[in-house]
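Student:
Chains as they are written, first to last, in the numbering used here: chain P, 189 to 582; chain U, 10 to 209.
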């Protein structure tokens, strides 16, 4: 255990073995991680997360506010963070679109928080009750300007619990908004979820400053990349603004300050990308084809991978647990060894472009697209794996 | 347990989803297997079509949906008409006897049919609401898929405390009814049972 971690507050941890869906597991993960505030506006298929939070959080000492819309929800939670709470909001595509401005605000002001997006079919209101994975690029690029976020993709209710904790821990460690990219299937799927005792759950505490009021600089980094926080009402002077700001937090709209600030916002994530990029790999050694997938699609793809192996093909698996920052180093290394990548996803081509970019022509990339509303048929993925195994290396 | 696909269907308010939760919980928590449950329902809270899909296996379940169910539990005629055709050849069909009339067209798939007047039994016990516990008990008896003890535990920790005894009683009634159904001569339609338990 690293020194800067501490243990979960047992009041928020529902230790035991449960049979619950991904939405509920995500809520329990947030409570275990120490979230004591959520603001939200209900939207299918994400509502169950905050529904459970609203009934659970009063028993552990916290607040849920149902706001008038997603814009309000996504900025209210940031007020709570500056007040000292760990906070999150939960939504789906249409609401996620409305939150984009405030995701940029959280990135610029370095407000640690978590945005849960239970993805459904789009664009617009699309398919309220049916799955998609078509918000992956929006999660990365939805707000304007140069910034970095972290995005995680669970593929089971158990991971909805485990990775929600990780999302909060990353948010605190890097002072960044973390996108928790679920999908309708994972959110509404019920499976066994084991919640360990609180003393086995590591939680990253708020990076609160130890400096005196006189010495504290809200955006001073002491040579590191991530500044320390002070909360409202503690006597520290601070100024939180979406405008380009100096170390004191005051607006300073000059090119040198902009350059320093925006590069740091990017570098604090990029420099740690290897540590943040989580993935699950299987039989990559000697593989001709590597299937890259995430979320529910990774489970459907597994069936195709196993069928392909049975027929003698050498197929590896790379499941992205972290989608952003994209594990480009891993893809680059693999591209030098394999013939091709196959990327099934519930959209018409999003993460596949990242795979293609990172492969840089060294291996071919095949998409298995799906417009959403259901999951792939494993045989459709298998067909492309077979095709990809026969292709000539570029 | 090899991979077993189960669909439970009926209308909202019958406890369709809870039935699937009880079976999935029994398998995954009390019997050491893996279970994945997904659900579909209309916008109505009660009375709309409602179905749950449950996949059980000894190894982790990958594909979350039911493609060709081995076992189907139907509690309404609408659900029967809609879902029965997808039942696997040689599969098991469990029906709410008073609410579903099984047609002969299914017999050529060599389907084993078991029926139970679960709603009536629940009403006799004092609360129609426990019909799903009756159904789950019946399911346990006729399919031999899950240990009765595992399902009993799942029922016990899933229902409200004030209705615990009633639900356990309902579960036992379903279990007994299933044991009797197994000793009865095999039937591919429920015509005989219809007569035997007809309310008139």
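Note that the Cβ used here is the ideal one computed from N, Cα and C, for glycine as well. Only a predicted model underlies this, so the values are computations on that prediction, with no experimental measurement involved.
Helix, strand or coil for residue 180 of chain U? Go by DSSP, reduced to three states.
Tutor: Three-state DSSP puts residue 180 of chain U in a helix.
Student: Give a yes or no on whether the C-beta atoms belonging to residue 265 of chain P and residue 276 of chain P are separated by under 8 Å.
Tutor: In contact: residue 265 of chain P and residue 276 of chain P (Cβ atoms closer than 8 Å).
Student: Alpha carbon to alpha carbon, how far is residue 223 of chain P from residue 194 of chain P? Give it in angstroms, no decimals.
Tutor: When rounded, the distance between both Cα atoms is 15 Å.
Student: Which chain P residues sit within Cβ distance under 9 Å of residue 46 of chain U?
Tutor: Those are 207, 209, 377, 378 and 379, listed as they occur along chain P.
Student: What does the alpha-carbon distance come out to for the pair residue 202 of chain U and residue 17 of chain U?
Tutor: Low per-residue confidence applies at residue 202 of chain U: pLDDT is 45, beneath 50, and the placement is therefore not dependable, though the value from the model is reported in the following sentence. Cα-Cα distance, rounded: 21 Å.
Student: Sort U:140, U:14 and U:72 by Cα distance to residue 487 of chain P and report the nearest one.
Tutor: The option with the nearest alpha carbon to residue 487 of chain P is U:72.
Student: Report the option in P:345, P:346 and P:357 whose CA atom is closest to the CA atom of residue 339 of chain P.
Tutor: Comparing Cα positions, the closest option is P:357.
Student: Determine the direct distance from the alpha carbon of residue 134 of chain U to that of residue 308 of chain P, and round the result to whole angstroms.
Tutor: Cα to Cα, residue 308 of chain P sits roughly 43 Å from residue 134 of chain U.
Student: Flag this pair as yes or no: are the beta carbons of residue 280 of chain P and residue 312 of chain P separated by less than 8 Å?
Tutor: No, the pair does not count as a contact, with Cβ atoms beyond the cut-off.
Student: Are the C-beta of residue 33 of chain U and some C-beta of chain P separated by less than 8 Å?
Tutor: Judged by the 8 Å Cβ criterion, residue 33 of chain U is in contact with chain P.
Student: DSSP state of residue 60 of chain U, grouped into three classes?
Tutor: It is a strand residue.
Student: For residue 282 of chain P, return the contacting residues in chain U, with the cut-off set at a CB-CB distance below 7 Å.
Tutor: Chain U residues near residue 282 of chain P: none, gap ~17 Å exceeds 7 Å.
Student: What are the residues that DSSP puts in a beta bridge with residue 45 of chain U?
Tutor: BP columns for residue 45 of chain U point to U:64.
Student: In chain order, what residues of the same chain have a beta carbon less than 7 Å from the beta carbon of residue 334 of chain P, not counting five sequence neighbours either side?
Tutor: 450 and 454, listed in sequence order.
Student: Going by DSSP, name the residue or residues bridged to residue 16 of chain U.
Tutor: Answer by DSSP bridge pairing, in chain order: U:62 and U:81.
Student: Anything in chain U within Cβ reach of residue 566 of chain P, meaning under 8 Å, just list it in chain order.
Tutor: Chain U residues near residue 566 of chain P: 72.
Student: Between P:370, P:432, P:457 and P:425, which lies nearest to residue 364 of chain P when the distance is taken from Cα to Cα?
Tutor: It is P:457 whose Cα lies nearest to the Cα of residue 364 of chain P.
Student: Give, in chain order, every unbroken run of the beta strand (DSSP E) that is at least 3 residues long and sits entirely within the segment 225-296 of chain P.
Tutor: Those beta strand (DSSP E) runs which fall completely within the segment 225-296 of chain P and span 3+ residues are 251-254 and 274-279.
Student: Do you know offhand how far residue 190 of chain U's Cα is from residue 76 of chain U's?
Tutor: The straight-line gap from Cα to Cα measures roughly 28 Å.
Student: Tell me, please, which residues DSSP counts as bridged to residue 308 of chain P.
Tutor: Residue 308 of chain P pairs with P:319.
Student: Cβ of residue 139 of chain U within 8 Å of Cβ of residue 131 of chain U?
Tutor: It is a contact, given that the beta carbons lie within the stated cut-off.
Student: Taking the beta carbon of residue 499 of chain P as the centre, do at least 16 other beta carbons fall within 10 Å, making it buried, or is it exposed?
Tutor: Label assigned to residue 499 of chain P: exposed.
Student: Which one of U:63, U:86 and U:91 has the shortest CA to CA distance from residue 79 of chain U?
Tutor: Answer by Cα proximity: U:63.
Student: Kindly give me the distance between the Cβ atoms of residue 551 of chain P and residue 528 of chain P, rounded to whole angstroms, as I take these residues to be in contact under 8 Å.
Tutor: The pair is a contact, with the Cβ atoms about 5 Å apart (cut-off 8 Å).
Student: Scan the segment 414-498 of chain P and note each continuous beta strand (DSSP E) run of 3 residues or more that stays entirely inside, going in chain order.
Tutor: Segments of the beta strand (DSSP E) lying fully in the segment 414-498 of chain P: 467-470 and 477-481.
Student: Taking its Cβ as the centre, do 16 or more other Cβ atoms sit within 10 Å of residue 580 of chain P, making it buried, or is it exposed?
Tutor: Exposed, by the Cβ-count rule.
Student: Say whether the segment 472-482 of chain P touches the segment 525-540 of chain P, bearing in mind that this needs 3 or more beta-carbon pairs closer than 8 Å, one atom from each stretch.
Tutor: Enough Cβ pairs lie closer than 8 Å, so yes.
Student: Below 8 Å on the Cβ atoms is my contact criterion, and I expect residue 523 of chain P with residue 548 of chain P to pass it. Report the Cβ-Cβ distance as a whole number of Å.
Tutor: Correct: roughly 7 Å between the Cβ atoms.
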